[in-house]
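Novice: Take this structure, written in structure tokens, and hold onto it; I'll ask about it next.
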Amino acid sequence: MTAVRLVPFRWWHIDDVLPIEADLFGAEQWSPGMFWSELANGHHYRVAVDGDGAVLGYAGLAGAPPDEVWVQNIAVRRDAQRRGVGRVLLEELLAEAARRDARSTLLEVAVDNAAAQRLYATYGFEPIGVRRGYYQPSNTDALVMRRDAEPTGDGPHDHG
């Protein structure tokens with residue numbers, strides 16, 4: 151596994167993540183304005199950096215009150231993939247979901263991204279639907295996946 155440190159995603163990271171976006175998502179990449187909007191809205195974003203401070207990947211989580219959160223994105227530079235960076239980012243998002251007492255964590259993933267789907271499944275995400283033509287301009291469908299929190303027995307939504 152690659153040595154990874156997570157830091158809060160700040161505006162100055164946008165220039166470092168844009169080439170990763172372009173490489174991984176092509177025409178469907180997020181614009182600088184989309185990242186600015188996510189940061190301005192106070193969503194939970196982290197950047198994974200190596201020992202030299204180079205950006206390896208990033209991930210974001212947005213709340214959907216009252217008790218669910220959505221993974222906005224997880225992206226890892228191609229040369230850093232399959233080295234545990236995506237897992238570290240996902241684990242951070244799931245920890246934040248737990249800190250928020252979210253009952254459900256949801257995400258969309260391209261139906262043709264089997265590697266990401268396998269990663270999400272190992273963390274308890276299950277398919278719950280498909281959004282037809284979600285990714286544009288490719289018109290690729292998105293698989294919607296959900297992970298429900300384990301009841302603790304002491305939260306306001308726990309019944310048992």
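Under my numbering, think of the first position of the sequence shown as 151, with each following residue one higher.
Ideal Cβ positions, reconstructed from N, Cα and C, are used throughout, including at glycine.
#1: If you draw a straight line from the C-alpha of residue 187 to the C-alpha of residue 300, how long is it?
#2: Given a threshold of 16 other Cβ atoms within 10 Å of its Cβ, counted over all protein chains shown, does residue 272 qualify as buried or as exposed?
#3: To which residues does DSSP link residue 256 through a beta bridge?
#4: Quick check: what's the CA-CA separation for residue 241 versus residue 156?
#5: To the nearest angstrom, how far is the alpha carbon of residue 191 from that of residue 212?
#6: Quick one, are the C-beta atoms of residue 235 and residue 205 less than 8 Å apart?
#7: Would DSSP call residue 265 helix, strand or coil?
#8: For residue 269, which residues of its own chain have a beta-carbon under 8 Å away from its beta-carbon, when the five flanking residues on both sides are left out?
#9: Leaving out five residues before and five after residue 282 in sequence, what residues of the same chain have Cβ atoms less than 8 Å from its Cβ?
#10: Do residue 276 and residue 296 have their C-beta atoms closer together than 8 Å?
#11: Any idea which residues DSSP pairs residue 226 with across the strands?
#12: Cα separation between residue 289 and residue 263?
#13: Does DSSP put residue 193 in a helix, a strand or coil?
#14: Quick check on this structure: which residue in 215, 223, 261 and 184 has the alpha carbon closest to the alpha carbon of residue 253?
Specialist: Walking through what the data contain:
#1: Rounded to whole angstroms, residue 187 to residue 300 spans 31 Å at the Cα level.
#2: It is exposed - the Cβ of residue 272 has fewer than 16 other Cβ atoms within 10 Å.
#3: Per DSSP, 220 and 296.
#4: In a straight line, the C-alpha of residue 241 is about 11 Å away from that of residue 156.
#5: Looking at the two C-alpha atoms, the distance is approximately 9 Å.
#6: Residue 205 is positioned such that its CB atom lies no closer than 8 Å to that of residue 235.
#7: DSSP places residue 265 in the helix class (H, G or I) of the three-state scheme.
#8: Sequence-distant Cβ neighbours of residue 269 in its own chain, meaning closer than 8 Å and more than five residues away, are 236, 237 and 240.
#9: These residues qualify, in order along the chain: 291.
#10: Their beta carbons are under 8 Å apart, which means residue 276 touches residue 296 by this criterion.
#11: Among the bridge pairs identified by DSSP, residue 226 is matched with 207.
#12: In this model, residue 289 and residue 263 are separated by some 14 Å (Cα to Cα).
#13: Of the three classes helix, strand and coil, the one that applies to residue 193 here is coil, per DSSP.
#14: For the residues 215, 223, 261 and 184, the minimum Cα distance to residue 253 belongs to 215.
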